[in-house]
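**Student:**
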Amino acid sequence: MTRTIEVSGLEKDFGRVRALDGLDLAVDAGEVHGFLGPNGSGKSTTLRILLGLIRASGGSATVLGLDPWTDAVRAHKDIAYVPGDVNLWPSLTGGEAIDLLTSLRGGADASLRARLIEDFDFDPRKKARSYSKGNRQKVALIAAFARRAELYVLDEPTSGLDPVMEAAFRGEIDRVKGEGATVLLSSHILSEVEELCDRVTIIRAGKTVETGTLTELRHLTRTTFRVTTLTEAAVMTAIEGVHDVRREADHLVFDADTDALRPVLQELAAIGVAGLTVSPPSLEELFLRHYGDELRTPEAVN
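First residue of the sequence shown? That's 695 in the working numbering, and the numbers climb one at a time after it.
(1) Can you tell me whether DSSP reads residue 699 as helix, strand or coil?
(2) Is any non-hydrogen atom of the ligand PLP found closer than 8 Å to the C-beta of residue 802, if you look at the structure I gave you?
(3) In this structure, does DSSP put residue 832 in helix, strand or coil?
(4) Take the Cβ of residue 831 as the centre, count every other Cβ of all protein chains shown within 10 Å, and call the residue buried at 16 or more, exposed below.
(5) By Cβ distance, which residues of its chain are closer than 7 Å to residue 776, with the 5 residues on each side in sequence left out?
(6) Is residue 898 closer than 9 Å to residue 949 when the C-beta atoms are compared?
(7) Counting along the chain, where does the beta strand (DSSP E) carrying residue 748 start and finish?
(8) Going along the chain, which unbroken runs of the beta strand (DSSP E) with 3 or more residues stay wholly within the segment 927–991?
(9) So what does DSSP say about residue 806, is it helix, strand or coil?
(10) Considering residue 729, what are the terminal residues of the beta strand (DSSP E) in which it resides?
(11) Would a C-beta distance cut-off of 9 Å place residue 906 and residue 920 closer than the cut-off?
(12) State the DSSP-derived secondary structure class of residue 707, mapped to helix, strand or coil.
(13) Less than 9 Å between the C-beta atoms of residue 647 and residue 704, yes or no?
(14) Taking 9 Å as the threshold (C-beta atoms), are residue 929 and residue 938 in contact?
(15) Shorter than 9 Å from the beta carbon of residue 891 to some beta carbon of chain C?
(16) Indicate whether the contact test is met: 3 or more Cβ pairs, each with one atom in the segment 739–748 and one in the segment 763–776, closer than 8 Å.
(17) Going straight from the alpha carbon of residue 860 to that of residue 809, what length do you get?
(18) Span of the beta strand (DSSP E) holding residue 754?
(19) For residue 726, I'd like the list of residues in its chain whose CB is within less than 7 Å of its CB, leaving aside the five on either flank, ordered along the chain.
(20) Tell me the residue span of the alpha helix (DSSP H) that contains residue 796.
(21) Does DSSP put residue 1009 in a helix, a strand or coil?
(22) Using a Cβ-Cβ cutoff of less than 6 Å, which residues in the same chain neighbour residue 756 once the five nearest sequence positions on both sides are dropped?
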């Protein structure tokens, strides 16, 4: 499999603060890859290194087979970037800003530009100074998608968009993926990542803690069972790998490790049940297993 992005042992120090501490990241060509972590985990620092905006302190990184620091100009011809906080030239109209941004990559596809303006319900005639955060975000999204790229680097791209516009964004991700492009998506909207991404990398304190498909990541964690039965909780508690057994009215609810699934199902078949709901962990649950209380008191490193 060809790699669009390959990062190994990436390090970045800001004075005495280590923002990246040996981070690894591999993004395959043609995939949509989710890049997750709370504020201070090193996401933005990583993206800035991949875009050639800052230089790594150690480790290695290649983007489209190029060094993002020494070959930034060549790489950017095939990269579309959407930041999470878009700043525009206040005296330009939205349309002029779109044209200026796309000119850096050779100019917009006129038909794509027109369709995107309609799909994102955007008025390109107004001055940028009058735009809300959501409309500034639309400028960056339209500029990114109005010319085909090999790689789309999207940092919180739907920040400020309403649900209808988020749907338009998801449609564009499906389109560019269908055209063979690669997408690196950094987002705090976990449902968005869960819907769009082929694989996910979760980072913490500048290090990679998990990477893989959602199916692979779920295999490493617990599945929730909700069983309609009057059987005593002790029956399930006795099975190794079963956790948090509790009674909720006529339901027995518990979590089971992957290795415990077979004995759990065998026991349920033996006791007989009136109803059964099995819920694999959501991406949010996978994410929270790595952070817990840390998310309530994030420290901004980036």
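Note that beta-carbon positions come from the ideal geometry of N, C-alpha and C, so glycine has one too.
**Tutor:** Reading off the structure:
(1) DSSP places residue 699 in strand when its eight states are reduced to three.
(2) Among the ligands in the structure shown, none appear at all, so the ligand PLP cannot be discussed.
(3) Secondary structure at residue 832: helix, using DSSP grouped into helix, strand and coil.
(4) Looking at its Cβ environment, which holds 16 or more other Cβ atoms inside 10 Å, residue 831 is buried.
(5) Here the set comprises 834, 835, 838, 848, 849, 851.
(6) No. Outside cutoff.
(7) Run containing residue 748: none; DSSP gives neither H nor E here.
(8) List check, beta strand (DSSP E) in window: 936–942, 945–950, 969–973.
(9) In this structure, residue 806 counts as helix in the three-state DSSP scheme.
(10) For residue 729, the enclosing beta strand (DSSP E) begins and ends at 726–730.
(11) Not a contact, by the Cβ cut-off of 9 Å.
(12) Residue 707 falls in the strand class under three-state DSSP.
(13) This structure cannot settle anything about residue 647, because the visible part of the chain is limited to 695 through 996.
(14) Cβ distance not < 9 Å, so residue 938 and residue 929 don't count as in contact.
(15) Absent from the structure: chain C. Only one protein chain is present.
(16) The segment 739–748, when compared against the segment 763–776, does touch it at the 8 Å Cβ threshold.
(17) Straight through space, the alpha carbons of residue 809 and residue 860 are spaced by roughly 16 Å.
(18) Counting along the chain, the beta strand (DSSP E) containing residue 754 begins and ends at 752–757.
(19) In chain order, 867, 871, 877, 879, 890, 891, 892 place their CB closer than 7 Å to the CB of residue 726, counting only its own chain and leaving out the 5 sequence neighbours on each side.
(20) Where residue 796 is concerned, the enclosing alpha helix (DSSP H) stretches over 788–797.
(21) This structure leaves residue 1009 out entirely; the chain is present only between 695 and 996.
(22) Within its own chain, the residues whose Cβ lies closer than 6 Å to the Cβ of residue 756, once the five positions on either side in sequence are excluded, are 700, listed in chain order.
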